[in-house]
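S.K.: Taking my numbering, I'd label the letters of the sequence shown as residues -7 to 277. Beta carbons: idealized from backbone N, C-alpha and C, even for Gly. Structure in structure tokens, see below.
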Amino acid sequence: MDLLRFVSEMRVALYACGQVALALQGNVPADTKPPDSPHQQSTAVSVVDHLCQEILLLRAYDLAPDIEIYSEEMAVLPDTLRELFAGNRHRYVIVIDPVDGTDDYLSGGVYYGHVLGLLDQETGRMVCGMVYFPRVGSLYAAVEGMGAFVSRGLMGRFEPLRPARPPRTVSETKRLEDPHRQVLEQAGFAIVPEESHSAAWELLRVARGEVGVAVMPHFHGHDTAMIAAIIGELGGAALDASGEPVRYDRDMPRLPLVVQSLSPDYARAACEALIKVEEKDSDER
-7 MDLLRFVSEM RVALYACGQV ALALQGNVPA DTKPPDSPHQ QSTAVSVVDH
43 LCQEILLLRA YDLAPDIEIY SEEMAVLPDT LRELFAGNRH RYVIVIDPVD
93 GTDDYLSGGV YYGHVLGLLD QETGRMVCGM VYFPRVGSLY AAVEGMGAFV
143 SRGLMGRFEP LRPARPPRTV SETKRLEDPH RQVLEQAGFA IVPEESHSAA
193 WELLRVARGE VGVAVMPHFH GHDTAMIAAI IGELGGAALD ASGEPVRYDR
243 DMPRLPLVVQ SLSPDYARAA CEALIKVEEK DSDER
């Protein structure tokens, strides 16, 4: 797989998704989908999710017709599109979240994005991650071993992403509960408000060095995987509930915990604090 070609080709599809979303924002009704678990707090979806999914998958097929696919909205994928990839067996899986932050999008917000990446099934690592925020006008991308980059405006040139020194803070995210906050504050982390309902945006605040740590309990793999690639290329860490580097699989199930930070020390300290909550919950059960 030529990763640089993948980024070059797929970013055009991301821009196309952005143009569709911009044109239709405020003119599409909200719909709902069945919750997939007790942890799901939002079931919002719209026709824009479906359109963007199809744009991205058609471009992926044109680029790599034998690749495997995963998308958050696979349940509504038309059979004609599904059949294009039926039976594919490949080392790499293209992972798509057609609209991350659908609640923000439907409410007229700014911080929604179109997200995709490439999973290496042999290692469980994301070898590429990309996210485009059309209302902000920024596209972020990372390629394993080559760095992390940002492009501003349509078809702007990629420039190295240069984050600030991260503060010792944790962003407020969905499913972060009082026991989590308590042990994190005891470990010296300040809790700061979230800016959006987009997991990708909140994780990019970490990648830019605006927030020190993101704690993501019971999020789907596709919510955290692509930005993990960006943070990893910046020298940071994405750890699981045991404090080990997180590994993903093609079905992108919910993970008990993912902690990401530009500072591996911050990530480990947050994990060590949060393990106390998990151990207490296990004892009580």
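Taking one C-beta from the region 114 to 134 and one from the region 232 to 250 each time, how about it: are there three or more such pairs within less than 8 Å?
M.R.: Touching, yes.
S.K.: Is there contact here, the region 154 to 169 with the region 53 to 67, by at least three beta-carbon pairs under 8 Å?
M.R.: Judged by Cβ distances under 8 Å, the region 154 to 169 makes no contact with the region 53 to 67, as fewer than three pairs qualify.
S.K.: Please report the residue range of the alpha helix (DSSP H) in which His172 lies.
M.R.: As a first step, residue 172 is located in the sequence shown; it is residue number 180 there, counting from the start. Note, His172: alpha helix (DSSP H), 170 to 178.
S.K.: Does the pairing of the region 5 to 15 with the region 45 to 53 give three or more beta-carbon distances under 8 Å?
M.R.: With the cut-off at 8 Å, the region 5 to 15 and the region 45 to 53 touch.
S.K.: How is His82 classed by DSSP in three states: helix, strand or coil?
M.R.: Here residue 82 is taken as the residue at index 90 of the sequence shown, counted from 1. Three-state DSSP puts His82 in coil, outside helix and strand.
S.K.: Where DSSP assigns a beta bridge to Pro70, which residues make up the other side?
M.R.: Residue numbering aside, residue 70 sits at position 78 when the sequence shown is read from its first letter. The partner list for Pro70 (beta bridge, DSSP) is empty, contrary to what the question assumes.
S.K.: Sort out for me which residues DSSP pairs Pro152 with in a bridge.
M.R.: Residue 152 sits at position 160 when you count from the first residue of the sequence shown. DSSP output for Pro152 lists Phe141 as bridge partner(s).
S.K.: Name, in chain order, the residues that DSSP records as bridge partners for Gly109.
M.R.: As a first step, residue 109 is located in the sequence shown; it is residue number 117 there, counting from the start. In DSSP, Gly109 forms a bridge with Val87, Gly121.
S.K.: Pick helix, strand or coil for Gln17, following the three-state DSSP scheme.
M.R.: Walking along the sequence shown from the start, residue 17 turns up at place 25. Coil at Gln17, not helix or strand.
S.K.: Look at Ala217 and Gly109 and say whether their C-beta atoms are less than 8 Å apart.
M.R.: Sequence index remark: in the sequence shown, residue 217 carries index 225 (1-based). Sequence index remark: in the sequence shown, residue 109 carries index 117 (1-based). Yes.
S.K.: CB-CB under 7 Å to Pro152, same chain, minus the five flanking residues each way: which ones, in chain order?
M.R.: Mapped onto the sequence shown, residue 152 falls at position 160. Cβ neighbours of Pro152 beyond the five flanking positions: Gly139, Phe141.
S.K.: Go through the region 209 to 236 residue by residue and report every complete run of the beta strand (DSSP E) that reaches 3 residues or more, in order.
M.R.: Segments of the beta strand (DSSP E) lying fully in the region 209 to 236: 229 to 232.
S.K.: Ser38 and Val12: beta carbons closer than 8 Å?
M.R.: Position 46 of the sequence shown, counted from the first residue, corresponds to residue 38. Position 20 of the sequence shown, counted from the first residue, corresponds to residue 12. No, they are not a contact pair.
S.K.: Rounded to whole angstroms, how far is the Cβ of Ala233 from the Cβ of Gly224, which I believe are closer than 8 Å?
M.R.: Locating residue 233 in the sequence shown gives position 241, counting from the first residue. Locating residue 224 in the sequence shown gives position 232, counting from the first residue. Actually they are not in contact, since the Cβ atoms of Ala233 and Gly224 sit about 18 Å apart, beyond 8 Å.
S.K.: Beta-carbon separation of Tyr124 and Gly227 under 8 Å?
M.R.: In the sequence shown, the residue the question calls residue 124 occupies position 132. In the sequence shown, the residue the question calls residue 227 occupies position 235. Their beta carbons are not under 8 Å apart, which means Tyr124 does not touch Gly227 by this criterion.
S.K.: Measuring only the C-alpha atoms, how far is Leu266 from Val250?
M.R.: Within the sequence shown, numbered from 1, the residue matching residue 266 stands at position 274. Within the sequence shown, numbered from 1, the residue matching residue 250 stands at position 258. So the alpha carbons of these two residues sit roughly 11 Å apart.
S.K.: DSSP has Asp96 in a bridge; who is on the other side?
M.R.: Counting from one through the sequence shown, the residue named residue 96 turns up at place 104. Answer is none; Asp96 lacks a bridge partner.
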